[in-house]
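Here is the structure we will look at, set down as structure tokens.
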Amino acid sequence: MHTSTAAAPAVDTAPTAKRLPLLDVLRGVAIVGTLGTNVWLFASAHGEAGPLLGFGITSGGLLGGALQFLANGKFLSMLTVLFGVGLAIQYRSAEKKGRRWPGRYHWRALFLFAEGTVHFILLFAWDVLMGYAVTAIVVAWMLKRSQRAQNAVMWSALGLHLALTGLLTAAVTAGSGFEPQPDAEVQALYASGSWLEQVQFRLDNAIAFRIEPVITFPLLVFLFMLGVKLFRAGAFGGDATGGRIRRRLLVWGLGIGVPLNLAVMAGPTELFYLERYVAAPVVMLGYIGLVGLIVEKARRGVVMGAFESLGRTALSGYILQNLLASVICYGWGLGLAARFDSNPWFVLALWASISALLLIGSSLWLRRFSTGPAEMLQKAVLR
């Protein structure tokens, strides 16, 4: 569904000299990967409303299935974990400076919620920032509790999430006779409707569009706290400890997650929730380990530097990718979605083009500025 994309860097205000390069690369990968799911929504004839009408995120036979396997849910989970890491960095910084916690962090989270609300209304119905902001407030408060209490909340959240996902899957399976039907009115809205008409459509259906962060709130809490735990364990450092943890993530995440994901995808479509919200987070851990191995072994070049730059401007990149996809796909822009309607080659070309623009643009931007424009706005307002 949304996926979406990119608030972790918004809470990481550690000085540039102390940044962990792997975290920035991972954020850049997560932004590009999240687009790999969201781009199907923009390219669909039903636009953002497709999932509400019962249409899957991807289509297009073997190529569409391969792209779904690689992206669906994995990078949304990665982004969520990285937001938890950013929260842990903020907490550590506050401790070192003797500041009260959560203290001013609540204002940061509330501003993020406001940013997400604007983003949702004006641009993208499956925004992630609002859900991240609410989760951040809860988890920030938990960081002051004992480790035992944190572990209890973390694993209880996972248990609740698995139970809810099981119930949703059972409910969908029980009503599996439902066949999605094309909606000419919705198709016309995205093919030829104005931007203001789409804004009004999001507002009219706000409860339905905002349901994903509600039903996945336990998962968000778990992944936030998992990010905190991984950061405290040193999983993102450049030392031997970090390398050892990342290799374990690689082996266990891909070793368990890939077969599980393939098995769920091979089953009936009613297993969608298990794929996106159970199998995908496991694969995500393997992705973190894989990216970590590449960063550790490969020589830093133009490509890795571009992902690092995008990671440093991730909030801006997340917003920009949705704006670009809207302009290219919707009727008030170029209207290409109505022409190609989820053609997998068009979707792949769209994803690659926007990703390249984000990677190159962020690199050029950081030659002159220290952070992205959305991050600048956030810092200026909070200051």
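Just so we're aligned: 330 in the numbering used here is position 326 of the sequence shown, and the numbers increase by one with no gaps anywhere.
All residues carry an ideal CB built from backbone N, CA and C; glycine is no exception.
Note that the coordinates shown come from a computational prediction; the quantities given were computed from them, not determined experimentally.
Would a C-beta distance cut-off of 7 Å place residue i and residue j closer than the cut-off?
{"i": "Thr-38", "j": "Phe-79", "result": "yes"}
{"i": "Val-43", "j": "Leu-340", "result": "no"}
{"i": "Ser-374", "j": "Thr-317", "result": "no"}
{"i": "Ala-47", "j": "Ser-346", "result": "yes"}
{"i": "Leu-294", "j": "Leu-254", "result": "yes"}
{"i": "Gly-77", "j": "Ala-284", "result": "yes"}
{"i": "Trp-105", "j": "Ala-113", "result": "no"}
{"i": "Asp-28", "j": "Glu-312", "result": "yes"}
{"i": "Ala-329", "j": "Leu-363", "result": "no"}
{"i": "Gly-315", "j": "Arg-96", "result": "no"}
{"i": "Ser-359", "j": "Val-85", "result": "no"}
{"i": "Met-82", "j": "Met-269", "result": "no"}
{"i": "Val-282", "j": "Gly-261", "result": "no"}
Distance check for residue j and residue i, CA to CA, integer angstroms please.
{"i": "Leu-275", "j": "Trp-256", "result": "22 Å"}
{"i": "Val-142", "j": "Arg-343", "result": "44 Å"}
{"i": "Pro-377", "j": "Ser-320", "result": "6 Å"}
{"i": "Trp-130", "j": "Asp-208", "result": "14 Å"}
{"i": "Val-225", "j": "Gly-290", "result": "20 Å"}
{"i": "Gly-192", "j": "His-50", "result": "Inspection of the sequence shows that residue 192 is occupied by Ala rather than by Gly. Approximately 8 Å, taken between the alpha carbons."}
{"i": "Arg-134", "j": "Trp-336", "result": "Here residue 134 is Met; the residue named in the question, Arg, does not match the sequence. Going by the C-alpha atoms only, they are around 26 Å apart."}
{"i": "Arg-304", "j": "Leu-26", "result": "11 Å"}
{"i": "Ser-198", "j": "Val-190", "result": "12 Å"}
{"i": "Gly-58", "j": "Gly-102", "result": "51 Å"}
{"i": "Val-132", "j": "Ala-118", "result": "12 Å"}
{"i": "Met-308", "j": "Val-351", "result": "24 Å"}
{"i": "Leu-172", "j": "Ile-219", "result": "9 Å"}
{"i": "Leu-234", "j": "Trp-111", "result": "25 Å"}
{"i": "Thr-41", "j": "Ala-239", "result": "26 Å"}
Pick out whichever of the options has its Cα sitting closest to the Cα of residue i.
{"i": "Leu-229", "options": "Ala-34, Pro-217, Gly-102, Trp-145", "result": "The residue asked about is misnamed: residue 229 is Met in this sequence, not Leu. Nearest C-alpha to Met-229: Trp-145."}
{"i": "Ile-332", "options": "Ala-384, Pro-217, Leu-127, Thr-169", "result": "Leu-127"}
{"i": "Gly-231", "options": "Val-36, Leu-66, Ala-384, Gln-94", "result": "Gln-94"}
{"i": "Gly-107", "options": "Thr-169, Leu-30, Leu-147, Leu-338", "result": "Leu-147"}
{"i": "Leu-368", "options": "Thr-139, Leu-278, Gly-179, Val-306", "result": "Val-306"}
(request) Count the CB pairs spanning the segment 154 to 166 and the segment 243 to 259 that are closer than 8 Å, and state whether there are at least three. (result) At 8 Å Cβ cutoff, the stretches do not touch.
(message) I want to know whether the segment 120 to 137 touches the segment 263 to 270 - three or more CB-CB distances under 8 Å.
(response) With the cut-off at 8 Å, the segment 120 to 137 and the segment 263 to 270 do not touch.
(message) So within the segment 81 to 158, which uninterrupted beta strand (DSSP E) runs reach at least 3 residues, ignoring any that extend past its ends?
(response) The segment 81 to 158 is shown to contain no whole beta strand (DSSP E) run of 3 or more residues.
(message) Does the structure place the segment 82 to 90 close enough to the segment 50 to 59 that three or more beta carbon pairs sit under 8 Å?
(response) Contact fails between the segment 50 to 59 and the segment 82 to 90, because fewer than three Cβ pairs, one in each stretch, are under 8 Å apart.
(message) Which runs of the beta strand (DSSP E) at least 3 residues long sit entirely within the segment 324 to 350? Give them in chain order.
(response) The qualifying runs do not exist here; there are none.
(message) Suppose only complete runs of 3+ residues qualify. What are the beta strand (DSSP E) ranges in the segment 250 to 277, listed by chain order?
(response) Within the segment 250 to 277, no beta strand (DSSP E) run of at least 3 residues lies entirely inside it.
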